[in-house]
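If you count by the working numbering, then the sequence shown holds residues 314 to 907, one letter each, in order.
Using N, Cα and C, we set each Cβ at its ideal position, and we do this for glycine too.
These figures come from a predicted structure and were not determined experimentally.
I have placed the structure first, in the form of structure tokens, so that the comments after it can refer back to it.
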Amino acid sequence: MQLNDIFAKDVQRLIEGVIKADDAAHLGTEVEEYVLTNEAAKGLELLLEAYTNYTNANGVWISGFFGSGKSHLLKMLAHLLGDVEGQEFDRSQVVESFRAKASDAFLPPLLDKSARIPAKSLLFNIDQKVALITKDQTDALLKVFVKVFDESRGYYGDQGHIARFERQLDDEGQLEAFKAAFQSISGREWVERRPSFGLPTVRNQVNEAYAQVTGVDPATVTDILATYQATYAVSIEDFADDVKAWLDTQPDGFRLNFYVDEVGQFIGSNTHLMLNLQTIAESLNTKCDGRAWVMVTSQEDMDKVVGDRTKQQGNDFSKIQARFNTRVKLTSADVEEVIRKRLLEKNDTGEMALAAIYAEESANFKTLFDFVDGAKTYRNYTDETHFVGTYPFVSYQFPLFQAAIEGISDHNAFEGRNSSVGERSMLGVVQQVAKEIGNVEVGTLATFDHMFAGIRASLKTAAQKQILEAERNLDNQLAIRLLKALFLVKYVESFQATPRNLTVLVYDNFGLDLPALAEDVKEALTLLETQTYVQRNGNTYEYLTNEEQVIEEEIKNVDIDASEVSAQLFKILSGDVIKTTKIRYAKNGQDFPF
Numbered sequence: 314m315q316l317n318d319i320f321a322k323d324v325q326r327l328i329e330g331v332i333k334a335d336d337a338a339h340l341g342t343e344v345e346e347y348v349l350t351n352e353a354a355k356g357l358e359l360l361l362e363a364y365t366n367y368t369n370a371n372g373v374w375i376s377g378f379f380g381s382g383k384s385h386l387l388k389m390l391a392h393l394l395g396d397v398e399g400q401e402f403d404r405s406q407v408v409e410s411f412r413a414k415a416s417d418a419f420l421p422p423l424l425d426k427s428a429r430i431p432a433k434s435l436l437f438n439i440d441q442k443v444a445l446i447t448k449d450q451t452d453a454l455l456k457v458f459v460k461v462f463d464e465s466r467g468y469y470g471d472q473g474h475i476a477r478f479e480r481q482l483d484d485e486g487q488l489e490a491f492k493a494a495f496q497s498i499s500g501r502e503w504v505e506r507r508p509s510f511g512l513p514t515v516r517n518q519v520n521e522a523y524a525q526v527t528g529v530d531p532a533t534v535t536d537i538l539a540t541y542q543a544t545y546a547v548s549i550e551d552f553a554d555d556v557k558a559w560l561d562t563q564p565d566g567f568r569l570n571f572y573v574d575e576v577g578q579f580i581g582s583n584t585h586l587m588l589n590l591q592t593i594a595e596s597l598n599t600k601c602d603g604r605a606w607v608m609v610t611s612q613e614d615m616d617k618v619v620g621d622r623t624k625q626q627g628n629d630f631s632k633i634q635a636r637f638n639t640r641v642k643l644t645s646a647d648v649e650e651v652i653r654k655r656l657l658e659k660n661d662t663g664e665m666a667l668a669a670i671y672a673e674e675s676a677n678f679k680t681l682f683d684f685v686d687g688a689k690t691y692r693n694y695t696d697e698t699h700f701v702g703t704y705p706f707v708s709y710q711f712p713l714f715q716a717a718i719e720g721i722s723d724h725n726a727f728e729g730r731n732s733s734v735g736e737r738s739m740l741g742v743v744q745q746v747a748k749e750i751g752n753v754e755v756g757t758l759a760t761f762d763h764m765f766a767g768i769r770a771s772l773k774t775a776a777q778k779q780i781l782e783a784e785r786n787l788d789n790q791l792a793i794r795l796l797k798a799l800f801l802v803k804y805v806e807s808f809q810a811t812p813r814n815l816t817v818l819v820y821d822n823f824g825l826d827l828p829a830l831a832e833d834v835k836e837a838l839t840l841l842e843t844q845t846y847v848q849r850n851g852n853t854y855e856y857l858t859n860e861e862q863v864i865e866e867e868i869k870n871v872d873i874d875a876s877e878v879s880a881q882l883f884k885i886l887s888g889d890v891i892k893t894t895k896i897r898y899a900k901n902g903q904d905f906p907f
């Protein structure tokens, strides 16, 4: 039986590895395939409790490991708690889907209660909406919120002054008349022409249409758009007032909620942007009295996003913690649970075949998959259910790969926007590996080095130069696999890359002769060391980056005379180790030189 035959769902099917806030095409599949993990269910209960019983906090902070489902949860929340602009998907379907996924009795009543609150959801990835706004602008975050709010009402969000012009016409009940007048003058739709607001012809047509609609003398209308551009300014208070004014036109109890994906990545270590976010949430809360919520996702906890803080920043930070009082933290356990349920679920035939393998091999799991030599201990297969659910992967691979990704990201090895670990999905990587090894016999394992393929397209060429070189020049496939594994664990401090632990990483088939594989690993490591792909420190091996490889080559190329080696050894022995050239005979106290 082949691996492809044991899965309940086709592993080759399209799974969007990275959930996109504005993607409506796959929404039905995303709702159906959303895995409500135990941690996510607990977080959702807390969140809905706060949302349906508003006290004072109006912010939700969702954080966790990459691939733990933060963006997926945020998108589901947007559809659970309101109607999403431009996405014709019935909110009640999402509520019903979550009712079916709930495993305890507390969640369904909260889902029903939240569904009775009318709301509009504004869901966006902050990096996609930022456009010409740069992070070093003090009001960068506010401008994104204003842009999204303007767009939701049909105004031109890319240019705040034009959006204000449209809104004020709308408040006067003249916007539709202006659009009709503009079309009759220009021959084209206003929505189509407004991006060309800088052209003199468009400005003249705007002036003429404005004069026609308002009844003012055309001669007195000089350049209405220039006037708006010159006087346009944006403040958090004005924005909160605008939101309140809009909410006041809606039915009683109506809410407007902002769902902001990857806000932690956008803010980075810029404390000013973090405080900006706090002030936006605080002003919306004060003005709108719980009718406007802000829910965000972040790669890390708030503490890690802000980093080291002065006493004053600490005081400011305590305010944002109070505002974002509801915190949902997704862990590495969520990642594994999502992957098991969404991708690796087995059919009946597969379960029977794997149960037989478990009965035969379970006694060996500790020998096969436990790390030694002072390395961090990772959870092994706990029982048959865990083994069947996780196979062909080994449970240590998920947390170890997450640690590897974070280390590689911290050392700036990813290209461009991929420097954010949020740009890649653990689910996508695991699916890619499952696809690659699908045509092998059951009993084969996915090895840790396979996971390199899932990130190599995002890596800078310089970072993977040694691997590319080894693939061209080395015939030893095991050596290349070990090099990929060593690259992944290079920045994982808790992992000791000894020959024994590296053997665990490349163990790829039950029934394989472990002592023979261990010998092959040692030979391959010796080859990598002599070719200067890796460096050995005692019993551990380390992948050499470009710069490190050059230094190691230079060290190897220095010729040292044997007499110099002897002289240096003598100096060490006589100066640091023994520190004397005489020995005393204790019986008579006489010293003898040696």
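With contacts defined by Cβ atoms closer than 8 angstroms, L436 and A391 form a contacting pair. Here I475 carries a helix assignment [DSSP, helix/strand/coil]. By the CB criterion at 8 angstroms, I549 and T592 fall inside the cutoff. Between the C-alpha atoms of L455 and E346 there is a straight-line separation of about 34 angstroms.
A353 and N870 have their C-alpha atoms some 56 angstroms from each other.
Ranked by Cα distance from R429, the first of H385, A418 and N366 is N366. By the criterion of a C-beta distance shorter than 6 angstroms, F714 is surrounded in its chain by M764, once the five residues flanking it on both sides are discounted. Within the model, the alpha-carbon separation for D551 versus V457 is close to 14 angstroms. Here Y691 is not near Y704, since their CB atoms are 8 angstroms or more apart. CA-to-CA, the gap between L787 and D403 works out to about 56 angstroms. Rounded to whole angstroms, P564 and V526 show a C-alpha spacing of 30 angstroms.
Nearest C-alpha to V573 among D683, K383 and Q518: K383. Apart from sequence neighbours up to five positions away, the residues of its chain that approach Y820 with a beta-carbon distance below 8 angstroms are L681, F682, L758, T760, L827 and L830, ordered along the chain.
Only residues of its own chain outside the window of five on either side were considered, and among them V556, L569 and L597 have a CB closer than 6 angstroms to the CB of A605, listed in chain order. Cβ-Cβ separation between Q400 and L340: approximately 6 angstroms, consistent with a contact (criterion under 8 angstroms). Spanning the alpha carbons of S771 and A726 requires a straight line of approximately 9 angstroms. The distance from the Cβ of F567 to that of A370 is about 20 angstroms, inconsistent with a contact at the 8 angstroms cut-off.
Within the stretch 632-715, the runs of beta strand (DSSP E) at least 3 residues long that lie entirely inside it are, in chain order, 639-643.
According to the DSSP assignment, F411 belongs to the alpha helix (DSSP H) that extends over R404 to K414. If the five residues before and after V397 are omitted, its C-beta is found closer than 6 angstroms to the C-beta atoms of A391, S434 and L436, all from its own chain and listed in chain order. By the criterion of at least three beta-carbon pairs nearer than 8 angstroms, the stretch 742-756 is not in contact with the stretch 853-862.
For K895, the enclosing beta strand (DSSP E) starts and ends at K895 to Y898. Ranked by Cα distance from T562, the options Q406, C601 and L386 are led by C601.
Taking C-beta atoms as the reference points, D686 and R849 fail to come closer than 8 angstroms. In this structure, the alpha-carbon of Q903 lies about 53 angstroms from that of F808. Within the model, the alpha-carbon separation for V529 versus N589 is close to 41 angstroms.
One thing to note: Q472 has its Cβ no nearer than 8 angstroms to the Cβ of F495.
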